[in-house]
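Enquirer:
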Amino acid sequence: MSVKLSDVLKDADKSSGVDSSLSEYKAHFRNAERGESDDEKSEHQTVNNLYYDLVTDFFEYGWGKSFHFAPRVPGESFKASLARHEHYMAHTLGLRPGMVVADIGCGVGGPLMEIARFSGAKIVGVNSNAYQLERARKLTREAKLADLADFIHCDFLSVEAPDESFDAAYSIEASCCAPDKVSIYREIYRLLKPGACFGAYEYCMTERFDASNPHHLRIKADIQLGGGLLIIDDYQTVDDALRTVGFEVLETRDLTLQAGPSIPWYQPLAGSGISFASFRSSRIGRSVTHGTLRVLEALRIVPQGSVRVADTLNLCAAAMAEAGRLEIFTPMYFVHARKPA
Ligand SMILES: C[S@@+](CC[C@H](N)C(=O)[O-])C[C@H]1O[C@@H](n2cnc3c(N)ncnc32)[C@H](O)[C@@H]1O
187 MSVKLSDVLK DADKSSGVDS SLSEYKAHFR NAERGESDDE KSEHQTVNNL YYDLVTDFFE
247 YGWGKSFHFA PRVPGESFKA SLARHEHYMA HTLGLRPGMV VADIGCGVGG PLMEIARFSG
307 AKIVGVNSNA YQLERARKLT REAKLADLAD FIHCDFLSVE APDESFDAAY SIEASCCAPD
367 KVSIYREIYR LLKPGACFGA YEYCMTERFD ASNPHHLRIK ADIQLGGGLL IIDDYQTVDD
427 ALRTVGFEVL ETRDLTLQAG PSIPWYQPLA GSGISFASFR SSRIGRSVTH GTLRVLEALR
487 IVPQGSVRVA DTLNLCAAAM AEAGRLEIFT PMYFVHARKP A
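Be aware that the sequence shown starts at 187, since it is given in my numbering, and climbs by one per residue.
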């Protein structure tokens with residue numbers, strides 16, 4: 187079903203404060219980036235919450251209920267590719283009925299619902315953003331999946347659940363929001379039963395990223411600011427962190443490097459906007475959204491500041507598309523690891 191821009195923003199009941207929240211987000215982001223915050227971990231939470239309060243409606247409008255990228259092949263719809271990426275995670279982890287599985291950084295529950303349906307496992311979504319959890323609870327109820335879904339409102343660096351309480355855990359483009367990989371992987375390791383597996387799609391700068399190239403650095407900085415990301419690690423840092431906390435690494439690989447015909451993961455951000463499925467997230471679609479928002483903002487139908495939020499996301503989308511084209515960034519460094527039995 188199509189979602190109207192004014193409806194999603196109205197639904198959020200955020201009639202004021204968007205403009206000041208965006209300024210606050212940018213100030214916190216710059217402080218945290220410069221290491222000028224008193225408490226790095228709580229600063230990272232603040233940045234994350236401000237960011238997702240601001241952008242969740244835009245993501246749902248422009249992308250859907252699953253806030254991630256996916257490998258896609260010719261002839262496959264955008265929606266089908268997202269579901270296939272989620273099924274791949276469920277399949278690799280061997281999820282099945284009777285298992286209790288943590289979804290670390292669950293967004294509004296798009297992947298959680300698809301994976302619960304696909305596997306029959308009970309999925310517990312962990313998220314620190316209250317607004318997203320409210321949406322996730324509503325959406326799972328509407329989808330009649332409440333029996334297979336549960337939620338914990340907390341920081342994923344200190345999850346309110348006992349040691350060894352999960353049969354598996356996954357994180358889809360969410361552990362990338364942690365201030366460092368060792369902290370988040372250590373917490374996931376604690377939550378898993380001995381012998382249980384963890385899977386992730388991580389954001390990474392690839393081996394083509396050149397830290398002495400100003401253009402590369404500019405792109406990385408725009409992805410970070412527009413994506414609410416205080417760091418973006420490389421492959422090696424991810425692999426090392428998994429081993430540091432005790433995981434046995436079964437497989438890590440960049441899924442953008444698969445052989446065979448494929449549609450680039452960043453195509454929905456860069457495309458011409460001809461395909462309806464990705465029109466809203468494409469360059470032309472974003473420009474139409476920008477124009478519509480200006481009118482809606484002037485008429486006070488959407489909160490003041492909505493255009494600035496959309497512009498910040500556009501900056502990130504353009505940077506991601508360029509990073510994808512240059513192959514210096516991947517949103518799908520696949521991780522499959524096991525806690526030793
Ligand atoms: C890019 S979204 C991905 C959401 C979801 N996995 C999906 O694919 O639709 C990142 C998610 O991580 C969550 N997140 C970021 N930092 C967090 C933290 N410190 N504690 C809990 N959740 C966090 C955000 O609130 C958001 O839901």
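Note that the Cβ used here is the ideal one computed from N, Cα and C, for glycine as well.
Given a threshold of 16 other Cβ atoms within 10 Å of its Cβ, counted over all protein chains shown, does S267 qualify as buried or as exposed?
Expert: Buried: at least 16 other Cβ atoms inside 10 Å.
Enquirer: In this structure, how does DSSP classify G311 when only helix, strand and coil are distinguished?
Expert: In the structure shown, G311 sits in a strand (DSSP, three-state: E or B).
Enquirer: Count the other CB atoms within 10 Å of the CB of H401; is the residue buried (16 or more) or exposed (fewer)?
Expert: That one is exposed.
Enquirer: Would M506 and L455 be called neighbours here (beta carbons separated by less than 8 Å)?
Expert: Contact: yes.
Enquirer: On the three-state DSSP scale, how would you describe S369?
Expert: S369 falls in the helix class under three-state DSSP.
Enquirer: Roughly how far, in whole angstroms, is the beta-carbon of G446 from the beta-carbon of M275, given that I think they are within contact range, below 8 Å?
Expert: That pair is no contact at about 20 Å.
Enquirer: By Cβ distance below 7 Å, which residues in the same chain neighbour S357 in space, the five residues on each side in sequence not counted?
Expert: So the list reads I290, G291, A386, once near-sequence residues are dropped.
Enquirer: Closer than 7 Å: is that where the CB of F342 sits relative to any heavy atom of ligand 1?
Expert: The answer is yes for F342.
Enquirer: Ordered along the chain, which non-local residues of its own chain (more than five positions away) have a Cβ less than 6 Å from that of C363?
Expert: The answer, listed in chain order, is N234.
Enquirer: For the 8 Å Cβ check, are there 3 or more pairs between the segment 343-360 and the segment 370-379?
Expert: They touch, by the three-pair rule.
Enquirer: Heavy atom of ligand 1 less than 7 Å from the Cβ of H254, yes or no?
Expert: True, at least one ligand heavy atom lies under 7 Å from that Cβ.
Enquirer: Could you pull the DSSP bridge partners for G385 from this structure?
Expert: According to DSSP, G385 bridges with Y356, H522.
Enquirer: According to the neighbour-count rule (16 or more other Cβ atoms, all chains shown, within 10 Å of its Cβ), is R258 buried or exposed?
Expert: Buried: at least 16 other Cβ atoms inside 10 Å.
Enquirer: Rounded to the nearest angstrom, how far is the Cβ of L378 from that of A397, given a contact under 8 Å?
Expert: Between A397 and L378 the Cβ distance is about 34 Å, and since that is not below 8 Å, they are no contact.
Enquirer: Rounded to whole angstroms, what's the CA-CA distance from D420 to E437? Just pull it up for me.
Expert: Spanning the two alpha carbons is a distance of roughly 16 Å.
Enquirer: Could you tell me the alpha carbon to alpha carbon distance between V286 and F337, rounded to whole angstroms?
Expert: Each residue's Cα considered, the two are about 12 Å apart.
Enquirer: Compare the Cα-Cα distances from L208 to each of Q231, Y237, R282 and report the closest residue.
Expert: It is Y237.
Enquirer: Between the Cα of K330 and the Cα atoms of S314, H277, R303, which residue gives the shortest distance?
Expert: Taking only the C-alpha atoms, the option nearest K330 is R303.
Enquirer: Out of curiosity, what's the CA-to-CA distance linking S263 and F520?
Expert: For S263 and F520, the distance between alpha carbons rounds to 22 Å.
Enquirer: Just to confirm the assignment, what range does the alpha helix (DSSP H) spanning T278 have?
Expert: Taken as a continuous stretch (DSSP letters only), the alpha helix (DSSP H) holding T278 covers 264-279.
Enquirer: What does the alpha-carbon distance come out to for the pair I370 and R327?
Expert: I370 and R327: Cα-Cα distance of roughly 29 Å.
Enquirer: For S261, count neighbouring C-beta atoms within 10 Å of its own C-beta (all shown protein chains included) and say buried if the count is 16 or more, exposed if not.
Expert: Sequence check: residue 261 is Gly here, not Ser. By the neighbour-count rule (16 or more Cβ atoms within 10 Å), G261 is not buried but exposed.
Enquirer: Roughly how many whole angstroms lie between the Cα atoms of P517 and G510?
Expert: If I take the Cα positions, the gap works out to 9 Å.
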